[in-house]
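If you read the sequence shown in my numbering, its first letter stands for residue 140, the second for the next number, and so on. Let me begin by presenting the structure, written as structure tokens, before commenting on it.
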Amino acid sequence: MTRPTLPPDPEAYDAERNVHARKRGLAAPYIAGGRDPEPEIGRAEDRRLLRWLILMVVAVVLSGFVLGILGNLISPGT
140 MTRPTLPPDP EAYDAERNVH ARKRGLAAPY IAGGRDPEPE IGRAEDRRLL
190 RWLILMVVAV VLSGFVLGIL GNLISPGT
């Protein structure tokens, strides 16, 4: 299945993003990077998510110990 070809758009060609991309030799107008307009909100979210990550890692490790202990208690001894 082929994509339909679109006619060239001179206004899009001269858009600021496209001009900067062409100067850098990029094939597409995507330029990664930039600054976060509100970095404190992002940092607060990162701290919250880090707490969740640590909590989940601790829960997984402890559940392994609990399941191991329960398995030893339930299984017949040799």
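By construction, the Cβ of each residue, glycine as well, lies at the ideal position given by its N, Cα and C atoms. Quick caveat, the model's predicted, so the values are computed rather than measured.
Which first and last residues belong to the alpha helix (DSSP H) in which residue i is found?
i, result
"residue 175", "It is not in any alpha helix (DSSP H) - residue 175 carries neither H nor E in the DSSP assignment."
Consult DSSP for residue i and reduce its assignment to one of helix, strand or coil.
i, result
"residue 160", "helix"
"residue 214", "coil"
Note down, in chain order, each residue of its chain lying with its Cβ closer than 8 angstroms to the Cβ of residue i, except the 5 sequence neighbours on either side.
i, result
"residue 253", "Look at the range of the chain in this structure, 140 to 217, and you will see that residue 253 is not part of it."
"residue 181", "175"
"residue 154", "168"
"residue 203", "none"
Would you check whether the ligand COA has a heavy atom nearer than 7 angstroms to the C-beta of residue i?
i, result
"residue 195", "What this structure holds is no ligand at all, so the ligand COA is not there to describe."
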